[in-house]
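Undergrad:
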Amino acid sequence: MAKEYFVGVDIGGTKIAAALVNGKGEILARGKAPTPRSGPKRILKAVEDLVEGVAAEKGRKPKGLRGIGVGAPGIVDPGGRKILVAPNVRLAGFPLVRKLRKRFGVGVALGNDVNLGVLGEQRFGAGKGTENVVGIFPGTGVGGGAIVGGRLMLGAHGAAAELGHVVVDPNGPRCGCGSRGCLEALAGRSAIEREIRRALRAGEKSVVQVLVGGKLDVIKSKVLAKALKSGDLVVTRIIRRASEALGSACVSLRHVFDPELFILGGGLIEACGDFILPIVQRSLDHDPLFAKVSACRAVPSRLGDDAVILGAAALAMETF
Ligand SMILES: [Zn+2]
């Protein structure tokens, strides 16, 4: 496979990233562009330009291109042909796969971005060598994916592994999806921000006020990490609770999937993983039902921003 190349594309709400990848998952060239807001045709053009750009880099012959993988936010039909629901990019219903196939004359595979991020980690990152992996990515919300027996689990409608909406506390706070006490409503960054603002309104003091200069509408993961390092009581308590919610979710998900590994990634874990992961691991270690089953580890993701690109390329590799 050394002379075969794939292009992985990650279409995000604000930017599109693409890379030329060889069969071993090594990135040979990369490019990125802002995501056009004006509609699917402009997005298609941006993706085409990026694919062309990275494929042409270093004089690679286009005939070596074996396939293109695309990760996009939202629900993708399990056949990987269409994006059914896409809240953050204007691509729902657009025949992106058909258009790209026609333009480049190679197979095009499409998947949900977080699912593909987990696939990328399993093939080329923190999960290399494993077959059963559950990935949880707390960012603003909480995304997830599951690899079962080496294959990405898609479900009947392509909507499997919406792990952020697993209910952890039926009496918990209302989630953006309408349910109560979803993992996302307890452990997403928006939920953590909300709890910090509530504590401050109640008169508690936190170093966060100084770190954000009084602007409390967005509290970035790096600010949370600084507050944790300084021993801030409010942030420590709130992130501990979020970590325990992640731990409870992992215990339940372990009962469903029996994975070798949980891979945790995303901005919150990159910044605060040293605090969060040991709490999640403790929950897994104290699960009485699985006390005699060999240990299941919770590990941080390794690929960072490249996870989706590499997962998209991996999907193209296994499809074509
Ligand atoms: Zn929810």
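In the numbering used here, the protein residues as written are 1 to 320.
Note that the Cβ used here is the ideal one computed from N, Cα and C, for glycine as well.
These figures come from a predicted structure and were not determined experimentally.
Could you give the distance in angstroms between the alpha-carbon of G39 and the alpha-carbon of A46?
TA: 11 Å
Undergrad: Verify the contact flag: E52, CB atom, against every heavy atom of ligand 1, threshold strictly below 6 Å.
TA: no
Undergrad: If you draw a straight line from the C-alpha of L246 to the C-alpha of I263, how long is it?
TA: 12 Å
Undergrad: Pull up the distance between the alpha-carbon of D77 and that of K102, whole angstroms please.
TA: Put simply, the backbone Cα of D77 is about 20 Å away from that of K102.
Undergrad: If you run the structure through DSSP and keep just helix, strand and coil, what is D10?
TA: strand
Undergrad: So, A271 versus L183, is the Cβ gap smaller than 7 Å?
TA: no
Undergrad: For the segment 218-237 against the segment 266-282, are there 3 or more C-beta pairs whose distance is under 8 Å?
TA: Per the Cβ contact rule, the segment 218-237 is in contact with the segment 266-282 (3 or more Cβ pairs under 8 Å).
Undergrad: Do the segment 166-173 and the segment 147-154 make contact, defined as three or more Cβ pairs closer than 8 Å?
TA: Pairwise C-beta distances place the segment 166-173 out of contact with the segment 147-154, as fewer than three of them are shorter than 8 Å.
Undergrad: At a cut-off of 6 Å, would you count S179 as near ligand 1, judging by its Cβ distance to the nearest heavy atom?
TA: yes
Undergrad: Taking the DSSP output, what are the residues bridged to C177?
TA: DSSP lists no partner for C177.
Undergrad: For G321 and P73, which I take to be in contact (beta-carbon distance under 8 Å), what is that distance rounded to the nearest angstrom?
TA: This structure cannot speak to residue 321, because the chain is shown only from 1 to 320.
Undergrad: For R319 and L28, I'd like the C-alpha separation in whole angstroms.
TA: This sequence places Thr at residue 319; Arg is not what is there. Using only the alpha carbons, I get a separation of about 21 Å.
Undergrad: So V148 is in the beta strand (DSSP E); what residue range does that whole segment cover?
TA: In the DSSP assignment, V148 falls within the unbroken beta strand (DSSP E) covering 142-148.
Undergrad: Check this for me: beta carbons of R66 and E4, under 7 Å apart or not?
TA: yes
Undergrad: Decide if T35 is buried, meaning its Cβ has at least 16 other Cβ atoms within 10 Å, or exposed.
TA: buried
Undergrad: I'd like the ranges of any beta strand (DSSP E) spanning at least 3 consecutive residues and lying wholly in the segment 82-126.
TA: Contiguous beta strand (DSSP E) elements confined to the segment 82-126 occur at 83-85, 107-112, taking only those with 3 or more residues.
Undergrad: Between A187, K215, R123, C296, which lies nearest to L200 when the distance is taken from Cα to Cα?
TA: Each of A187, K215, R123, C296 was checked against the Cα of L200, and the nearest Cα belongs to K215.
Undergrad: Tell me whether E184 counts as near ligand 1, meaning its Cβ is closer than 6 Å to at least one heavy atom of that ligand.
TA: yes
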